[in-house]
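Residue 102 in the numbering used here sits at position 6 of the sequence shown, and the numbers go up by one each step. To keep things clear, I will list the structure first and then write my remarks on it.
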Amino acid sequence: MPYERTMHMLDGGSVMAECGPMRLVITSSIGKLPQREMNVQAAKESFGYLERVARMQEVLRRRQSGVERNLEDPLGLEMVRSVLAIGDPDLTPMAAVAGTIADAAADFLARHGMTRVVVNNGGDIAVRVQDGEPVRVGIRTDVNRSDFENVLVLGSGGWGIATSGLGGRSLTRGIASAATIVASTASLADAAATAVANASFVEDERIVQRYAEEVDPGTDIPGLLVTTSIGRLSAQKSRMAVLKALKRAEELVGRGIILGSLVAVGEQIGMTSFFEERLESNG
Numbered sequence: 097m098p099y100e101r102t103m104h105m106l107d108g109g110s111v112m113a114e115c116g117p118m119r120l121v122i123t124s125s126i127g128k129l130p131q132r133e134m135n136v137q138a139a140k141e142s143f144g145y146l147e148r149v150a151r152m153q154e155v156l157r158r159r160q161s162g163v164e165r166n167l168e169d170p171l172g173l174e175m176v177r178s179v180l181a182i183g184d185p186d187l188t189p190m191a192a193v194a195g196t197i198a199d200a201a202a203d204f205l206a207r208h209g210m211t212r213v214v215v216n217n218g219g220d221i222a223v224r225v226q227d228g229e230p231v232r233v234g235i236r237t238d239v240n241r242s243d244f245e246n247v248l249v250l251g252s253g254g255w256g257i258a259t260s261g262l263g264g265r266s267l268t269r270g271i272a273s274a275a276t277i278v279a280s281t282a283s284l285a286d287a288a289a290t291a292v293a294n295a296s297f298v299e300d301e302r303i304v305q306r307y308a309e310e311v312d313p314g315t316d317i318p319g320l321l322v323t324t325s326i327g328r329l330s331a332q333k334s335r336m337a338v339l340k341a342l343k344r345a346e347e348l349v350g351r352g353i354i355l356g357s358l359v360a361v362g363e364q365i366g367m368t369s370f371f372e373e374r375l376e377s378n379g
C-alpha cells in the first residue's frame, strides 16, 4: 500500500514533504531570495526517492556480508557505499537511508541553480552553500530535546550532518544521548552517526537491552541487542562511553570518511577538533 503524500508550505519559502517515515523540510534560495517553487519541485522529487528505496528494501536490509554492491539505482548504490565505507559488519544500507534522500533532494536543488540549500530529513541534514555566507546548524546533546544548546558554523561547500542516540528515530546499540557527525554528505554522516552511537556502549547493570526484533518487529537488525533504557550512571562510566564513541569517530576521521563528531552521554560531552573549532554557544 503506497504512503500518503502531503506537502505543507512553511514560513520563509520552506516546504515540508511527508510520506510514510520521511519528513523533509526543504529550504533553498538564490542569494537571499527564497525559492518556494523549487522547494515544491524538490519535495515532489523526494516522494519518488522514497518509492525507489522502498522497491529495493529486500536488498538494502542485508548486512555487509550479503549486501549487493552493484545496484543500478544510484540511491541504493550510495546507501551501500556509505555503509561499506563505515565498515561496521552489523550495519545495513538502511543506516544511510534518511541522509541519502536528503542528499538527493539537496543535489537536485543545487543542480537547478540554488546557491543556498538546507534539506532536513528528521535530523539528517544535507547542506549545499555557494553564496559565501556561513550556515549555522543547531546541535543537540540529547536527541530527546527540542532545543539547541550550541550551533555549528559551516562555510561554503557541501556538508552532511546527522545525529543518532537513545530515543531517536532509529534503534541504537549504545548509550549516547547524542552522537552527531559532520561529513561531506548526509549519507555518510547518517551511517557514521549510527556506528559512533553504537560504539558508546559500556557494561553496567543500569543499562537495559533487548533484542531488536522485540522492540521493532520490522527491524533490519534482528538478533542484535539494542538499548531500551538507562538508569543513572556514574560520571566515570558516562565518560568511558563518550571516549569509546570518540575513539570510533577519530578512526573514521583518520580514514577520511567523516570530518568530525560530538558525543554526549548524559552530562559528559566530548568532541573532535572539527567541532572545537566551529562550535558556538546558542545562548
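C-beta: ideal position from N, C-alpha, C; glycine also.
Write down every uninterrupted run of the alpha helix (DSSP H) in the segment 145-210 whose length is 4 residues or greater and which is fully enclosed by it, in chain order.
153-156, 170-182 and 193-207
Of the residues 307, 327 and 109, which one's Cα is nearest the Cα of residue 301?
Here the question's residue 301 lines up with position 205 in the sequence shown. Comparing Cα positions, the closest option is 327.
In chain order, what residues of the same chain have a beta carbon less than 6 Å from the beta carbon of residue 264, not counting five sequence neighbours either side?
Taking the first residue of the sequence shown as 1, we reach residue 264 at position 168. Counting only Cβ-Cβ distances below 6 Å, and skipping sequence neighbours, we find 239.
C-alpha gap between residue 272 and residue 321, whole angstroms
Walking along the sequence shown from the start, residue 272 turns up at place 176. Walking along the sequence shown from the start, residue 321 turns up at place 225. When rounded, the distance between both Cα atoms is 15 Å.
In terms of alpha-carbon separation, which member of 243, 120, 139 and 182 lies closest to residue 349?
The residue given as residue 349 occupies position 253 in the sequence shown. It is 182.
Would you call the segment 328-342 and the segment 350-367 touching, i.e. three or more CB-CB distances under 8 Å?
yes
Helix, strand or coil at residue 266 [DSSP, three-state]
Position 170 of the sequence shown, counted from the start, is the residue given in the question as residue 266. Note: residue 266 maps to coil in three-state DSSP.
Please report the residue range of the beta strand (DSSP E) in which residue 239 lies.
Your numbering for residue 239 matches position 143 in the sequence shown. Taken as a continuous stretch (DSSP letters only), residue 239 belongs to no beta strand (DSSP E), as it is neither H nor E.
Identity of the residues DSSP links to residue 299 by a beta bridge:
Locating residue 299 in the sequence shown gives position 203, counting from the first residue. Answer by DSSP bridge pairing: none, since residue 299 is not bridged.
For the 8 Å Cβ check, are there 3 or more pairs between the segment 203-220 and the segment 303-317?
no
Counting pairs of Cβ atoms below 8 Å between the segment 228-236 and the segment 192-204, do you hit three or more?
no
Can you give me the Cβ contacts of residue 354 inside the same chain, cut-off strictly under 8 Å, excluding the 5 residues immediately before and after it?
By 1-based counting over the sequence shown, the position of residue 354 is 258. Cβ within range, chain order: 277, 278, 279, 284, 285, 288, 345 and 348.
Short check: CB of residue 116 to CB of residue 156, under 8 Å?
Looking up residue 116 in the sequence shown gives position 20. Looking up residue 156 in the sequence shown gives position 60. It is not a contact, given that the beta carbons lie outside the stated cut-off.
Sort out for me which residues DSSP pairs residue 129 with in a bridge.
For the purposes of this step, residue 129 is identified with residue 33 of the sequence shown, where counting begins at 1. DSSP output for residue 129 lists 126 as bridge partner(s).
Excluding the five sequence neighbours on either side, which residues of its own chain have a C-beta within less than 7 Å of the C-beta of residue 305, listed in chain order?
Along the sequence shown, read from residue 1 onward, the residue named residue 305 stands at position 209. Within the same chain, residue 305 has close Cβ partners 321, 322, 323 and 324.
Any 3 or more C-beta pairs closer than 8 Å across the segment 138-145 and the segment 187-202:
yes
List the residues that DSSP assigns as beta-bridge partners of residue 307.
Here residue 307 is taken as the residue at index 211 of the sequence shown, counted from 1. Beta-bridge pairing links residue 307 to 321.
Status (buried if at least 16 other CB within 10 Å, exposed otherwise) for residue 189:
For the purposes of this step, residue 189 is identified with residue 93 of the sequence shown, where counting begins at 1. Buried, since its Cβ has 16 or more Cβ neighbours within 10 Å.
Cβ-based neighbour list, residue 126, same chain, cut-off 7 Å, excluding 5 preceding and 5 following:
Here residue 126 corresponds to residue number 30 of the sequence shown, with the count starting at 1. 209, 210 and 211.
Does DSSP put residue 280 in a helix, a strand or coil?
Position 184 of the sequence shown, counted from the start, is the residue given in the question as residue 280. Here residue 280 sits in coil by DSSP.
Considering just the uninterrupted stretch of the beta strand (DSSP E) at residue 364, what are its terminal residues?
Here the question's residue 364 lines up with position 268 in the sequence shown. Residue 364 -> beta strand (DSSP E) spans 364-367.
From this set, 290, 329 and 241, which residue's C-alpha is nearest residue 185's C-alpha?
Stepping through the sequence shown from its first residue, residue 185 is reached at position 89. Residue 185 has its Cα closest to that of 290, out of 290, 329 and 241.
Going straight from the alpha carbon of residue 107 to that of residue 307, what length do you get?
Stepping through the sequence shown from its first residue, residue 107 is reached at position 11. Stepping through the sequence shown from its first residue, residue 307 is reached at position 211. Each residue's alpha carbon lies about 42 Å from the other.
Output yes or no for whether 8 Å exceeds the beta carbon distance between residue 237 and residue 267.
Here residue 237 is taken as the residue at index 141 of the sequence shown, counted from 1. Here residue 267 is taken as the residue at index 171 of the sequence shown, counted from 1. No, the pair does not count as a contact, with Cβ atoms beyond the cut-off.
Exposed or buried, what is residue 174 when buried is set at 16 or more other beta-carbons lying within 10 Å of its beta-carbon?
Reading the sequence shown from its first residue, position 78 is the one you call residue 174. By the neighbour-count rule (16 or more Cβ atoms within 10 Å), residue 174 is buried.
Alpha carbon to alpha carbon, what distance is there between residue 191 and residue 66?
Here the chain has residues from 97 to 379 only, and residue 66 is not among them.
When the Cα of residue 152 is compared with those of 136, 377, 170 and 213, which residue comes out closest?
Along the sequence shown, one-based indexing puts residue 152 at 56. Closest option to residue 152, Cα to Cα, is 170.
Please look up how many angstroms separate the CB atoms of residue 356 and residue 339, rounded, as I've assumed it's under 8 Å.
For the purposes of this step, residue 356 is taken as the residue at position 260 of the sequence shown. For the purposes of this step, residue 339 is taken as the residue at position 243 of the sequence shown. Between residue 339 and residue 356 the Cβ distance is about 16 Å, and since that is not below 8 Å, they are no contact.
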